[in-house]
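Protein chains in written order, with the numbering used here: chain A, 822 to 929; chain B, 3 to 433.
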């Protein structure tokens with residue numbers, strides 16, 4: 822999985838490419854940990870190039886959101902319809918801040 | 003109403019014939035008023051029936067008219083008598099034709115009454131017994147009366163010949179009841195041949211009536227418990243099968259407890275199969291009433307539109323799980339979403355030793371594995387008895403494409419479930 826960071830004001834945009842599954846989840850988790858440890862509190866994740874999210878991927882996102890806590894926020898945008906359905910039906914869309922596009926996500 | 007009127011008229015006609023012997027003004031008015039009601043009923047029925055009545059119907063109509071037309075009025079002319087009783091009262095016996103109408107009404111009521119047939123059968127029994135007693139009572143007193151009370155007749159022996167009609171009626175019905183119920187105290191006995199013959203007849207009728215009462219009672223009791231008997235027969239069959247196959251006794255006890263729970267909560271094995279013969283709209287009506295209480299605990303159901311709710315009602319399958327029983331097990335392929343409606347379940351590790359969390363009414367699980375196409379990584383075990391509704395994978399796919407609102411409904415429902423599921427995902431548990 823390819824992950825690139827892009828600083829935008831107070832926020833950092835992490836662009837994910839590929840699948841967020843059992844294989845790639847550890848890589849994603851350590852990436853998020855590094856960002857948080859580096860002092861980032863507003864993380865915006867670009868999901869537009871993510872085609873699949875498994876339960877391991879959800880776990881990474883939940884753990885990251887929990888780690889950030891109330892001091893910042895984890896914002897996601899560009900979720901494809903099937904990934905969005907998982908978030909909606911499971912109720913995670915109420916836990917994470919989901920946005921349609923990058924400007925909306927950055928604006929919070 | 004007609005039933006009561008017919009019974010009243012039959013009582014008056016027979017009582018007056020045997021104990022009054024002459025027509026009276028008040029009772030005549032009552033009789034003719036009842037006649038008027040019956041005639042109006044016949045008129046309405048002939049008007050509402052399609053043209054071209056068959057000869058059988060015409061014949062029936064003719065008999066009805068004979069039984070209801072006040073022909074006896076004609077016999078007031080001349081004050082004719084037969085055996086010391088006014089001819090008017092003899093002709094009024096034609097009203098007994100209404101007996102047929104009484105049983106026709108009862109039959110019709112039984113056909114349309116559904117579950118109330120037991121009450122109607124009791125009513126029929128009371129009417130039959132009452133009518134038989136009334137007719138026997140009247141004849142028992144008429145026999146000596148038409149003979150002008152010979153010295154060996156029972157009213158003379160009892161000293162009530164020519165006494166008030168109240169006492170005569172009371173003693174007559176007293177003898178009939180003691181004879182018919184086979185009690186036979188022997189304080190009133192027949193005194194001459196005619197009375198002996200009738201006493202024999204009354205005793206035979208009494209025995210048959212007694213048999214009829216017992217048979218109806220027995221059949222009523224068994225029919226009242228029909229569903230219970232059939233349910234427990236089924237349970238007994240399963241238990242004998244388990245014994246025959248030498249299944250462990252503790253399993254047998256668990257099976258019994260499961261059936262006891264089903265009977266206490268639902269009164270049947272499976273409502274949905276019981277109702278499978280019904281057309282969908284009717285089944286929906288019945289199911290929504292039957293499952294109403296349980297479904298109010300299912301958030302997906304509360305947020306759904308009426309159309310989606312109906313679709314879900316037909317698709318959701320009730321799952322009753324016994325204490326310690328598993329709803330799903332670790333490693334299962336996702337087969338649907340489970341909505342917990344009653345009781346508590348715990349999410350446990352594959353070996354059942356570690357409890358990851360507890361879910362209760364209003365919670366649901368199975369959505370993640372279904373959407374992510376993964377296998378379950380834990381088992382779900384019922385704490386006590388629990389009731390859940392399963393929306394299987396095929397139904398979910400079908401309803402999701404037919405009703406796009408399902409997704410929105412699930413999103414709303416998800417906000418009402420406990421945070422246990424989120425905590426479980428953090429622990430790496432997916433259901």
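In this text, a Cβ means the ideal position worked out from N, Cα and C, and glycines have one as well.
Since the model is a prediction, treat every value here as computed from it, not as a measurement.
- Task: Grab me the residues of residue 286 of chain B's own chain with a C-beta within less than 8 Å of its C-beta, minus the 5 sequence neighbours each way, in chain order.
- Result: 312, 315 and 316
- Could you check what DSSP says for residue 163 of chain B in three-state terms: helix, strand or coil? For residue 163 of chain B, the secondary structure class from DSSP, reduced to helix, strand or coil, is coil.
- Message: For a test of the three-state rule: what should DSSP assign to residue 873 of chain A, helix, strand or coil?
- Response: strand
- Considering only residues of the segment 293 to 342 of chain B, which uninterrupted beta strand (DSSP E) runs meet the minimum length of 3 residues and lie entirely inside it, listed in chain order? 319 to 323 and 328 to 330
- With burial defined as no fewer than 16 other Cβ atoms inside 10 Å of the residue's Cβ, what is the status of residue 70 of chain B: buried or exposed? So residue 70 of chain B counts as buried.
- DSSP state of residue 71 of chain B mapped onto helix, strand, coil: coil
- Query: Are residue 910 of chain A and residue 413 of chain B touching if we call contact CB-CB under 8 Å?
  - Reply: yes
- Output, in sequence order along the chain, the residues in the segment 863 to 885 of chain A whose CB is closer than 7 Å to any CB in chain B. 875, 876, 879, 880, 883 and 884
- Task: Enumerate, from N- to C-terminal direction, the unbroken alpha helix (DSSP H) stretches of 4 or more residues contained entirely within the segment 10 to 56 of chain B.
- Result: Counting whole runs of 4 or more residues, the segment 10 to 56 of chain B contains the alpha helix (DSSP H) stretches 27 to 50.
- So which residues of chain A does residue 430 of chain B contact, with C-beta pairs closer than 9 Å? 876, 877 and 880
- Query: So, does the CB of residue 911 of chain A fall closer than 8 Å to a CB anywhere in chain B?
  - Reply: yes
- Task: Determine whether the Cβ of residue 845 of chain A lies closer than 8 Å to any Cβ atom of chain B.
- Result: no
- Query: Roughly how many whole angstroms lie between the Cα atoms of residue 380 of chain B and residue 883 of chain A?
  - Reply: 19 Å
- Label residue 31 of chain B either buried or exposed according to how many other C-beta atoms from any shown protein chain fall within 10 Å of its C-beta, with 16 as the threshold for buried. exposed
- Query: What first and last residue would you give for the beta strand (DSSP E) that runs through residue 356 of chain B?
  - Reply: That residue, residue 356 of chain B, is in no beta strand (DSSP E); it is neither H nor E in DSSP.
- Message: Can you tell me which residues form a DSSP beta bridge with residue 361 of chain B?
- Response: B/347
- Verify whether the separation of the beta carbon atoms of residue 206 of chain B and residue 190 of chain B is less than 8 Å. In this structure, residue 190 of chain B does not lie closer than 8 Å to residue 206 of chain B by Cβ.
- Ignoring anything shorter than 4 residues or poking outside the segment 131 to 192 of chain B, list the alpha helix (DSSP H) runs there in chain order. 156 to 160 and 167 to 182
- State yes or no: is the beta carbon of residue 416 of chain B nearer than 8 Å to at least one beta carbon in chain A? yes
- Using a cut-off of 7 Å between C-beta atoms, extract the partners of residue 376 of chain B located in chain A. What residue 376 of chain B touches in chain A, judged by beta-carbon distance under 7 Å, is 875 and 876, going in chain order.
- Message: Could you compute how far the alpha carbon of residue 4 of chain B sits from the alpha carbon of residue 40 of chain B?
- Response: About 8 Å.
- Message: Counting only C-beta atoms, is residue 419 of chain B closer than 8 Å to chain A at any point?
- Response: yes
- Segment limits, beta strand (DSSP E) that includes residue 823 of chain A: 823 to 829
- Query: In the structure shown, what three-state DSSP assignment does residue 84 of chain B receive?
  - Reply: strand
- Item | Rounded distance between the beta-carbons of residue 193 of chain B and residue 159 of chain B, thought under 8 Å | 5 Å
- Message: Strictly below 9 Å CB to CB, what residues from chain A border residue 373 of chain B?
- Response: 903, 906, 907, 910 and 911
- Item | Which listed residue (B/67, B/68, B/72 and B/90) has its alpha carbon closest to that of residue 78 of chain B | B/90
- Query: What residue does the beta strand (DSSP E) around residue 381 of chain B start on, and which one ends it?
  - Reply: 381 to 384
- Query: At what residues does the alpha helix (DSSP H) containing residue 904 of chain A begin and finish?
  - Reply: 902 to 911
- Contact with chain B by residue 894 of chain A, beta-carbon distance below 8 Å: no
- Item | Contact check, residue 372 of chain B vs residue 327 of chain B, beta carbons under 8 Å | no
- At least 3 beta-carbon pairs within less than 8 Å: the segment 831 to 838 of chain A vs the segment 861 to 878 of chain A: yes
- Query: Can you give the beta carbon distance from residue 258 of chain B to residue 241 of chain B, rounded, assuming they're within the 8 Å contact cut?
  - Reply: 7 Å
- Task: List the residues of chain A that residue 458 of chain B touches, going by C-beta distances under 8 Å, in chain order.
- Result: With chain B represented from 3 up to 433, any question about residue 458 of chain B goes unanswered, as that position is not in the structure.
- Task: Verify whether the separation of the beta carbon atoms of residue 901 of chain A and residue 872 of chain A is less than 8 Å.
- Result: yes
- Starting from the C-beta of residue 941 of chain A, find all residues in its chain whose C-beta is less than 7 Å away, skip the five residues before and the five after it, and write them out in chain order. Residue 941 of chain A lies beyond the residue range present for chain A, which begins at 822 and ends at 929; the question has no answer from this structure.
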